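Colleague:
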Amino acid sequence: MIKLKKNIIISVMGVDGSGKTTLAKKLHKKFKNSKYLHLKPYILYQDRRTIIKNPHFQKKSSSFLSLLRLLSWLISYKVFFNQNKKKQFYFFDRYAHDVLIDSLRYRHNLSKSLTKFILNFFPNPDLWIFLNPPLKIIKSRKLELSDNEFKRQIEDYKKFFIKQKNVLMLDINIPKTKLTKKITKSITNLIK
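Residue numbers (my numbering): 4 to 195.
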């Protein structure tokens with residue numbers, strides 16, 4: 004087991020169908036001292052609401068509710084990382100910043116500028132992993148969104164990640180062993 008000096012936050016992001024969940028769970032299994040989280044930490048309780056099918060076609064929340072939701076996420080992140088003294092890897096399947104790219108998924112209804120401002124207060128991952136599959140692979144897995152919407156999201160993710168530090172952009176078409184080596188090397192570089 005790797006002994007860590009601090010918490011290591013790793014976020015796996017990408018469009019629906021890119022393989023985020025599969026990768027985040029595999030990494031969690033590979034690194035023994037780790038925790039898997041989806042989108043945000045749960046402080047008091049695990050959110051057990053039923054999964055909304057096709058969230059992109061739901062009505063947007065009010066601006067007030069969107070603001071409250073984002074602020075509640077911020078509190079969750081801050082409290083979780085302040086109270087968690089155990090040093091380990093945290094593998095996130097999505098991260099709060101996902102709301103910038105896929106606002107319809109969260110029925111988010113705040114301006115991009117206000118959303119970006121609030122996201123500045125969230126802890127940044129030590130490593131962002133962006134899965135960038137070809138459109139035909141995504142379409143074979145997810146049919147809810149149009150080609151144009153998938154293309155827009157991929158472009159917005161790329162624009163977002165250009166401005167971030169420690170980003171690993173991965174073409175998932177490369178052989179799995181090569182992909183795993185690349186990811187493992189990037190993660191082990193974080194702890195050197």
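For glycine and all other residues, C-beta sits at the position ideal for the given N, C-alpha and C. Everything numeric in this text was worked out from a predicted model, so none of it was measured.
Relative to the alpha-carbon of Lys9, which residue among Gln91, Ile175, Leu130 has its alpha-carbon at the smallest distance?
Modeller: The residue with the shortest Cα to Cα distance from Lys9 is Gln91.
Colleague: Since Trp131 sits in a beta bridge, which residues does DSSP pair it with?
Modeller: The partner list for Trp131 (beta bridge, DSSP) reads Ser14, Val170.
Colleague: Taking 8 Å as the threshold, find out whether the region 32-47 comes into contact with the region 124-140 through three or more Cβ pairs.
Modeller: No, the region 32-47 does not touch the region 124-140.
Colleague: Using a threshold of 7 Å, state whether the C-beta atoms of Leu77 and Phe120 are closer than that.
Modeller: Cβ atoms of Leu77 and Phe120: not closer than 7 Å.
Colleague: Can you say whether Arg144 is buried or exposed, counting buried as having 16 or more other CB atoms within 10 angstroms of its CB?
Modeller: Exposed.
Colleague: Could you tell me which residues DSSP puts in a beta bridge with Leu96?
Modeller: According to the sequence provided, residue 96 is Asp. The question's Leu does not apply to it. Val15, His41, per the DSSP bridge assignment.
Colleague: How many Å lie between Met16 and Leu30 at the Cα?
Modeller: Computed Cα separation, rounded: 14 Å.
Colleague: Would you check if the distance between the CB atom of Phe153 and the CB atom of Leu138 is smaller than 7 Å?
Modeller: Yes, they are a contact pair.
Colleague: Hey, how far is the Cα of Thr53 from the Cα of Phe83?
Modeller: Summary for Thr53: the model assigns pLDDT 48, below 50, so the residue's position carries little reliability; its value from the coordinates is reported in the next sentence. Going from the Cα of Thr53 to the Cα of Phe83 covers about 23 Å.
Colleague: For a quick check, are the C-beta atoms of Lys141 and Val18 less than 7 Å apart?
Modeller: The sequence shown places Ile at residue 141, not Lys. Result yes, Cβ atoms of Ile141 and Val18 sit closer than 7 Å.
Colleague: Mind listing, in chain order, the continuous beta strand (DSSP E) runs of no fewer than 3 residues lying wholly within the region 137-186?
Modeller: Listed in chain order, the complete beta strand (DSSP E) runs (minimum 3 residues) inside the region 137-186 are 170-173.
Colleague: Nearest to Lys28 by alpha carbon, out of Phe95, Leu68, Gln86?
Modeller: That would be Phe95, whose Cα lies nearest to the Cα of Lys28.
Colleague: May I ask you to verify whether the region 157-175 touches the region 106-122, counting CB pairs closer than 8 Å and requiring at least 3?
Modeller: With the cut-off at 8 Å, the region 157-175 and the region 106-122 do not touch.
Colleague: Note down, in chain order, each residue of its chain lying with its Cβ closer than 8 Å to the Cβ of Gly22, except the 5 sequence neighbours on either side.
Modeller: The answer, listed in chain order, is Leu134, Pro136, Ile175.
Colleague: Have a look at Leu182, Gln86, Ser149 and flag the residue whose alpha-carbon is nearest the alpha-carbon of Leu26.
Modeller: Minimum Cα distance to Leu26 is reached at Leu182.
Colleague: According to DSSP, simplified to helix, strand and coil, what is Lys81?
Modeller: Helix at Lys81.
Colleague: When you compare only the Cα positions, how much space is there between Tyr109 and Val102?
Modeller: If I take the Cα positions, the gap works out to 7 Å.
Colleague: Report all residues from its chain with a CB closer than 6 Å to the CB of Lys63; omit the five preceding and five following residues, and keep chain order.
Modeller: Cβ within range, chain order: Arg110, Asn112.
Colleague: Where does Gln61 fall in DSSP's three states?
Modeller: Residue state, collapsed to three classes: coil.
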